[in-house]
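Q:
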Amino acid sequence: MTDDHAPSDAEAPDPASHLALAADLAIGIDIGGTKIAGGVVNRRGEVLALVRAETPHRSTAPSVVENTIVTVIDGLCEQVGTDRVAAVGVGAAGFVAADRATVVFAPHLSWRHEPLREALHARTGLPVVIDNDANAAAWAEARFGAALGRSDVVMVNLGTGIGGAILIDGRIYRGRHGMAGEFGHMQIAPDGLRCECGNRGCWEQYASGRALVREACALIVAASPVAADLASRVNGDPAAITGPMITQAAMDGDALSRDLLAEIGRWLGVGLANLAAAFDPQLFVIGGGVSAAGELLLEPAREAFRRRLPGRGYRPEPEIVHAALGNHAGFIGAADLARDAVAEQWQGRQA
1288 MTDDHAPSDA EAPDPASHLA LAADLAIGID IGGTKIAGGV VNRRGEVLAL VRAETPHRST
1348 APSVVENTIV TVIDGLCEQV GTDRVAAVGV GAAGFVAADR ATVVFAPHLS WRHEPLREAL
1408 HARTGLPVVI DNDANAAAWA EARFGAALGR SDVVMVNLGT GIGGAILIDG RIYRGRHGMA
1468 GEFGHMQIAP DGLRCECGNR GCWEQYASGR ALVREACALI VAASPVAADL ASRVNGDPAA
1528 ITGPMITQAA MDGDALSRDL LAEIGRWLGV GLANLAAAFD PQLFVIGGGV SAAGELLLEP
1588 AREAFRRRLP GRGYRPEPEI VHAALGNHAG FIGAADLARD AVAEQWQGRQ A
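The sequence shown begins at 1288 in this note's numbering and counts up one residue at a time.
#1: Would you mind giving the Cβ-Cβ distance between residue 1530 and residue 1574, rounded to the nearest angstrom? I have them listed as a contact below 8 angstroms.
#2: Roughly how many angstroms lie between the CA atoms of residue 1410 and residue 1462, to the nearest whole one?
#3: Using three-state DSSP, classify residue 1314 as helix, strand or coil.
#4: Please work out which residues of its chain come closer than 6 angstroms, Cβ to Cβ, to residue 1611, disregarding the five sequence neighbours upstream and downstream, and give them in chain order.
#5: With a Cβ-Cβ cutoff of 8 angstroms, do residue 1372 and residue 1335 count as a contact?
#6: If you run the structure through DSSP and keep just helix, strand and coil, what is residue 1442?
#7: How about the stretch 1310-1318 and the stretch 1376-1383: do they share at least three Cβ pairs that are nearer than 8 angstroms?
#8: Based on DSSP bridge pairs, tell me the residues matched to residue 1458.
#9: In the DSSP output, what is residue 1418 paired with across the bridge?
#10: Identify, in the order they occur along the chain, each residue of the same chain with its Cβ nearer than 6 angstroms to the Cβ of residue 1528, setting aside the five sequence neighbours on each side.
#11: Return the residue from the list 1348, 1392, 1382, 1394 that minimises the CA-CA distance to residue 1422.
#12: Between which two residues does the beta strand (DSSP E) holding residue 1248 run?
#13: Give the secondary structure of residue 1475 by DSSP, where H, G and I count as helix, E and B as strand, and everything else as coil.
#14: Does DSSP put residue 1464 in a helix, a strand or coil?
#15: Quick check on DSSP: helix, strand or coil for residue 1344?
#16: Is the closest heavy atom of the ligand ADP to the C-beta of residue 1461 under 7 angstroms?
#17: Mind checking residue 1427: buried by the 16 CB within 10 Å criterion, or exposed?
#18: Looking only at its chain, what residues have a beta carbon closer than 6 angstroms to the beta carbon of residue 1506, apart from the 5 residues adjacent to it on each side?
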């Protein structure tokens, strides 16, 4: 399995000195809507060190987010030694340019054409590769997790929003401009709810963590008796509701929380049926924080998927499975992709 889109080395630092010392270690950074997670990862996908930080609010300047990323990188280097780190891979929630150097648009951050690779290299001195966070997570699952041994895979990450990634013949498919896989912004409800991207009816307005919390909050605000359990968990303050809290309530048996997750699951299944029609994968891998609900989410998704799958009964049905690597998938994949990209550049220069 190979990555078919190594970054241009026009502005990339010479990696030779790093590779000579640290062929086995790389740092991966996963930038989400609410948290930034980083880890030191070896070639077996094992996490040797871990640092987390809160993602700065979207209203802050890009430099503030960069400061947080650099703090995470510095913390990881302190644990293992900078001279043992071959490269840094960053998985960002947004549109990443094909050269894997620039975040073109990140709806949940303040980044617009942000030259992130250049900025981070200037501050760390390390080779840096930028990728979409879902691409990174899918790569990790294909190399070390739920999609190991599968060549045609679609991954869907359910977090604050929805991210996605496509593997075709074992390679990440990024599209002509590097922006394939933004499934969260495909429209599944014309003239539906307004999305942060500016459109209406986007999938992530119905099947994401934000959608889950929004529906729970609305019922608490309305003082609905069906929301009594959730309301009691936050002393009646709807602003305190979180996705993990709803998932835990569902696992504890709260009927409303189970219904909310089932509704999210049904919308998930609708979107997956559309993706099956487009890509015909062997496997769907469902990751992200919302996927922690497990079968409370996935079984309703499978049922809705089967009802809407084009050609159902006359075609192989792809599996829908839970991601194996959990919250670590993003930075594990980012680290592995960066290490491979830097190694390819170095080998090319030696040829």
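Glycine included, every Cβ here is placed at the ideal spot set by N, Cα and C.
A: So, from the data block:
#1: That pair is no contact at about 14 angstroms.
#2: 30 angstroms
#3: strand
#4: 1432, 1433
#5: no
#6: strand
#7: yes
#8: 1455
#9: 1378
#10: 1500, 1503, 1504, 1521
#11: 1382
#12: The displayed coordinates of the chain run from 1288 to 1638. Any statement about residue 1248 would go beyond what the structure contains.
#13: coil
#14: coil
#15: coil
#16: In terms of ligand content, the structure shown is empty, and the ligand ADP therefore cannot be addressed.
#17: buried
#18: 1514
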